[in-house]
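The structure under discussion appears below in the form of structure tokens.
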Amino acid sequence: MTVLEQPGAYRPTPPPAWQPRTDPMPLLPDAEPYRLLGTPAADTLDPELLRLLHGHLVRGRRYNTQATALTRQGRLAVYPSSTGQEACEVAAALALEDRDWLFPSYRDTLAAVTRGLDPVQALTLLRGDWHTGYDPHEHRVAPLATPLATQLPHAVGLAHAARLKGDDVVALAMVGDGGTSEGDFHEALNFAAVWRAPVVFLVQNNGFAISVPLSKQTAAPSLAHKAVGYGMPGRLVDGNDAPAVLDVLTEAVRRARSGGGPTLVEAVTYRLDAHTNADDATRYRSDAEVAAWRAHDPVELVERELVRRDLADGDGLAAVRETAERMAADLRERMNEDPELDPMELFDHVYARRTARLREQAELLRAELAAAGAADGSGRGTGEGTDR
Amino acid sequence: MTTAVAATGRKPATMSQALNRALRDAMADDPAVHVLGEDVGTLGGVFRITDGLAKEFGEDRCTDTPLAEAGILGTAVGMAMYGLRPVVEMQFDAFAYPALEQLISHVSRMRNRTRGALPMPITVRIPYGGGIGGVEHHSDSSEALYMATPGLHVVTPATVADAYGLLRASIASDDPVIFLEPKRLYWAKADWEPDRPEEVPGVGTAVVRRRGTSATLITYGPSLPVCLEAAEAATAEGWDLEVVDLRSLVPLDEETVCASVRRTGRAVVVHEATGFGGPGGELAARITERCFHHLEAPVLRVTGFDIPYPPPMLEKHHLPGVDRVLDAVARLQWEADWTSSGTAPGSAAGTVPGTPGGVR
């Protein structure tokens, strides 16, 4: 007999005012990821949309292979590839209006590029000549976040601020499956829901946090289920089905913009490459598993759909590939130029104005550079910083 | 202060009132200023520093957030990105730690990461320090953590007038400011006119609170009253101590500090924070680097012990007090020590074993 089963035992009951605040049922994700390609709904997809997605996906794949090659050539310090995840990257960018903001993680340079950012600027962090190679205001793309999930509260704060100012701006924040274990993921989703902030959280569940599989990351039925605990809807989508991802994200953005609050979207996808060039994926997953996902390649899925519906012929597909090659050649050429470095800039932008201590240290470095320049006769190293 | 009040006929104000007034005036002057934190709205903050702000400016301007410090500071980053000027309240010193990642990885370096495109005009108010009988996790002095994080300003007022002036300057700053409020001085009163606040120099300027010739006490925040009291007590022993209130730890006003030490030739740094790796070490190093030939004695430190902050019934042994400050002054190698190997004036104990001093 338990304590509660004893006659006359105290039975705590909530006070009458207590009631569930939200009916959880409409918040729950579907049991299966949402798909369009390969379903009867695929026949209704706008040909222009399919062609648009296909062009972005082909260029996105080529961007990934080019950036990976640049890393092997030593032109990038590191490249966390989004090969296999291009549908998510492209859809995240296309779901947003110009005035909206994108909050990418370090793996999401392709989303930033799809939004219009110059690839060289997007890759600056990974080349290593500065941390952020672009003005975030220009394309409304926040700096690539390396500490996991820390950019999510930023997205919430920005969207909240925009709403306070009366602007109908939406923020879309990207995070991976590993990032959902971070405290900032929880805090961001909770703040967003409490404030009904116009934010869309896109989780790209690519199966692994470096080497750790999802089964060691969470016991939840799906990552989308986590939404229910915050009182926001969770949506599960096939992350390799580009029209489906775009559909779900567009609906979530519309909902956020119209005051409906945040949405958590889990896109089930797969990282076909290793975590980065420094990683050895054969240590934690089988070739058979990778091969199975290669058969569900996001670029090929859309291409097959174009062919199936007779929306593209060989010439059309070749033209798309030609565009991608030109983009890659341009990127290759520009990345093969050494970036201009001004060591004196190290002391810029630490504060609005240099402190006395920084002025002293800048003088030290300036003297070192001048001495080195004199020694090698180059005269280099006399660069001036831009703010003092 | 009683005399001053009688002379002006004004009601004394407390530091908490001055801080509240600074927030109110900042919010009235600039619609971009938003206050957010735990209990800052309806309640007015556990120390009542935000009292009345939600009522006057609305809950969108003074917002009760969920109880999550990383979330509070993280959303403040996004708000700053969109042109707002957030003032964040961390409820207590030790409760600010969950926000450290946001502070170190984003707030402090966002300007630098983006080559100036995203400045972070965020003020993080943190009640800090002990002496109020607080239980565990309510009395930390963690300024060294913030000082060691490039990109942050670290400011702490010790007077009512400075509380107002420095908080206004901090909120107006385009750089992130850690604004450390000495909680045991919250209710300290002074003659201060809210409608005509005196001018206070901006962030980064120290001030000599007491002129003296024998030695310099360098301090800030909650230890300023201790040092001023010690300086008064020292006059009976023949020492005329100068007291420098740093007001700002970053940027550090080395000019004021060094000018004082060059005049007096002796210095003691006093703070509640632990000594090892603490602000006093940085000050001692800089004074030694810049004033070596003016020094008559090693720079000494009177700090909290290198222990986790003690339980309230034992905190009086931990906090630097007047006697411990005077004992340190006595160890500053006074002439009497090396002419007669006798005891220093004012110190029955003379030199302390294991410390410099005595015959040289």
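Chains as they are written, first to last, in this note's numbering: chain A, 755 to 1142; chain B, 91 to 450.
Where is the CB? At the ideal position from N, CA and C, for every residue including glycine.
Of all Cβ atoms in chain A, is any one closer than 9 Å to the Cβ of residue i?
i, result
"B/ASN110", "no"
"B/GLY370", "no"
"B/GLY206", "yes"
"B/ILE291", "First, the residue type needs correcting, since residue 291 of chain B is Pro and not Ile in the sequence shown. Cβ-Cβ to chain A under 9 Å: no for B/PRO291."
"B/MET200", "yes"
"B/ASP265", "yes"
"B/VAL340", "yes"
"B/GLN107", "no"
"B/LEU174", "yes"
"B/VAL136", "no"
"B/ARG258", "no"
"B/ARG215", "no"
"B/GLN181", "no"
"B/GLY294", "yes"
"B/GLY127", "no"
"B/GLY447", "Confidence in B/GLY447 is poor, its pLDDT being 37 and thus under 50, which makes the residue's placement too unreliable to answer from."
"B/GLY131", "no"
"B/THR140", "no"
"B/GLY241", "yes"
"B/GLY444", "Note that B/GLY444 scores a pLDDT of 38, beneath 50, so its modelled location is shaky and nothing firm can be said."
Quick check: is the beta carbon of residue i nearer than 9 Å to any beta carbon in chain B?
i, result
"A/PHE955", "no"
"A/LYS919", "yes"
"A/THR904", "yes"
"A/THR972", "no"
"A/GLY1135", "A caution first: A/GLY1135 carries a pLDDT of 48, below 50, which makes its placement in the model unreliable, though a value can still be read off. Cβ-Cβ to chain B under 9 Å: no for A/GLY1135."
"A/PRO907", "yes"
"A/HIS914", "yes"
"A/ARG1111", "yes"
"A/GLY1015", "no"
"A/PRO987", "no"
"A/TYR1038", "no"
"A/GLU1094", "no"
"A/VAL901", "Reading off the sequence, residue 901 of chain A comes out as Pro, not Val. Yes, A/PRO901 lies at the interface with chain B (some Cβ there is under 9 Å from its Cβ)."
"A/GLY911", "yes"
Specify, as a first and last residue, the run of the beta strand (DSSP E) that residue i falls within.
i, result
"B/GLU149", "Counting along the chain, B/GLU149 falls outside any beta strand (DSSP E), and DSSP gives it neither H nor E."
"B/TYR254", "Careful: B/TYR254 lies outside any beta strand (DSSP E), inside the alpha helix (DSSP H) at 250–262."
"B/ILE216", "213–218"
"B/LYS406", "From DSSP, B/LYS406 is part of no beta strand (DSSP E) but of the alpha helix (DSSP H) over 405–408."
"B/PRO102", "102–104"
"B/LEU235", "It is not in any beta strand (DSSP E) - B/LEU235 instead sits in the alpha helix (DSSP H) that spans 233–237."
"B/VAL225", "It is not in any beta strand (DSSP E) - B/VAL225 carries neither H nor E in the DSSP assignment."
"B/ASP281", "279–281"
So residue i and residue j are supposed to be a Cβ contact under 8 Å. How far apart are they, rounded?
i, j, result
"A/LEU912", "B/MET105", "A/LEU912 to B/MET105, Cβ: 34 Å. No contact."
"A/PRO1145", "A/ARG881", "Coverage of chain A is limited to positions 755 through 1142, which leaves residue 1145 of chain A absent and any answer about it impossible."
"B/MET117", "B/ARG138", "At roughly 16 Å, the Cβ-Cβ gap does not stay under 8 Å, so B/MET117 and B/ARG138 are not in contact."
"B/VAL389", "B/THR309", "About 13 Å; that fails the 8 Å criterion."
"B/ARG77", "B/VAL214", "With chain B covering 91 to 450 only, the question about residue 77 of chain B has no answer from this structure."
"B/ASP154", "B/ASP129", "6 Å"
"A/VAL1019", "A/ARG1039", "Incorrect: roughly 25 Å between the Cβ atoms, too far for contact."
"A/ALA876", "A/ALA846", "Contact flag wrong, Cβ pair sits at about 14 Å."
From which residue to which residue does the alpha helix (DSSP H) around residue i run?
i, result
"A/THR863", "863–868"
"A/GLU892", "890–893"
"B/ILE377", "369–381"
"B/ARG414", "412–420"
"B/VAL290", "No alpha helix (DSSP H) contains B/VAL290, which DSSP labels as neither H nor E."
In chain order, which alpha helix (DSSP H) runs of at least 4 residues are fully inside the region 975–1007 of chain A?
Within the region 975–1007 of chain A, the complete alpha helix (DSSP H) segments of 4 residues or longer fall at 980–984, listed in chain order.
Output, in sequence order along the chain, the residues in the region 147–170 of chain B whose CB is closer than 9 Å to any CB in chain A.
Sequence-ordered contacts of the region 147–170 of chain B with chain A read ASP150, ARG151, THR153, THR155, PRO156, ALA158, GLU159, ALA160, GLY161, ILE162, LEU163, GLY164, THR165, ALA166, VAL167, GLY168, MET169 and ALA170 [C-beta pairs closer than 9 Å].
Please specify which runs of the alpha helix (DSSP H), each continuous and at least 4 residues long, are wholly inside the region 1036–1101 of chain A, giving them in chain order.
The qualifying runs are 1041–1048, 1052–1062 and 1068–1089.
Residue ranges of each beta strand (DSSP E) within the region 903–938 of chain A, 3 or longer
Runs of the beta strand (DSSP E) inside the region 903–938 of chain A: 925–930.
Enumerated in chain order, which unbroken segments of the alpha helix (DSSP H) with a length of 4 residues or greater are wholly contained in the region 781–851 of chain A?
Counting whole runs of 4 or more residues, the region 781–851 of chain A contains the alpha helix (DSSP H) stretches 801–826 and 840–848.
Please list the segments of the alpha helix (DSSP H) lying wholly inside the region 150–221 of chain B, counting only runs of 4 or more residues, in order along the chain.
List check, alpha helix (DSSP H) in window: 159–171 and 200–203.
Which full runs of the beta strand (DSSP E) of 3+ residues lie inside the region 120–148 of chain B, going along the chain?
Counting only runs of 3+ residues, the beta strand (DSSP E) found wholly inside the region 120–148 of chain B occupies 123–127, in chain order.
Give the residues from the region 888–899 of chain A that approach chain B closer than 9 Å (Cβ to any Cβ), ordered along the chain.
Listed in chain order, the positions of the region 888–899 of chain A with a beta carbon within less than 9 Å of a beta carbon of chain B are TYR888, ASP889, PRO890, HIS891, GLU892, ALA896, PRO897 and ALA899.
Beta strand (DSSP E) runs contained entirely in the region 308–335 of chain B, provided each spans 3 or more residues:
Unbroken beta strand (DSSP E) runs of no fewer than 3 residues, entirely contained in the region 308–335 of chain B, are found at 331–335, following chain order.
Along the region 337–365 of chain B, where does the CB come closer than 9 Å to a CB of chain A? Name the residues.
Interface annotation for the region 337–365 of chain B against chain A: VAL340, PRO341, LEU342, ASP343, GLU344 and GLU345, criterion Cβ-Cβ distance under 9 Å.
Which of the residues in the region 217–237 of chain B, read from start to end, lie with their CB under 8 Å from any CB of chain A?
The region 217–237 of chain B vs chain A, Cβ under 8 Å: nothing.
With 9 Å as the limit, tell me which residues of the region 850–872 of chain A have their beta carbon closer than that to any beta carbon of chain B; keep them in chain order.
Along the region 850–872 of chain A, going in chain order, the ones with a CB nearer than 9 Å to a CB of chain B are TRP855 and PHE857.
At a Cβ cut of 7 Å, what residues of the region 936–951 of chain A count as close to chain B, listed as they run along the chain?
Of all residues in the region 936–951 of chain A, those with a C-beta nearer than 7 Å to a C-beta of chain B are GLY937, ASP938, GLU941, ALA942, ASN944, PHE945 and VAL948, reading in chain order.
For the region 1035–1065 of chain A, which residues have a CB atom closer than 7 Å to at least one CB atom of chain B, in sequence order?
Those residues of the region 1035–1065 of chain A that come within reach of chain B (Cβ to Cβ, closer than 7 Å) do not exist; the list is empty.
Tell me which residues of the region 414–426 of chain B have at least one Cβ-Cβ distance to chain A shorter than 8 Å, keeping chain order.
From the region 414–426 of chain B, no residue has a Cβ closer than 8 Å to chain A.
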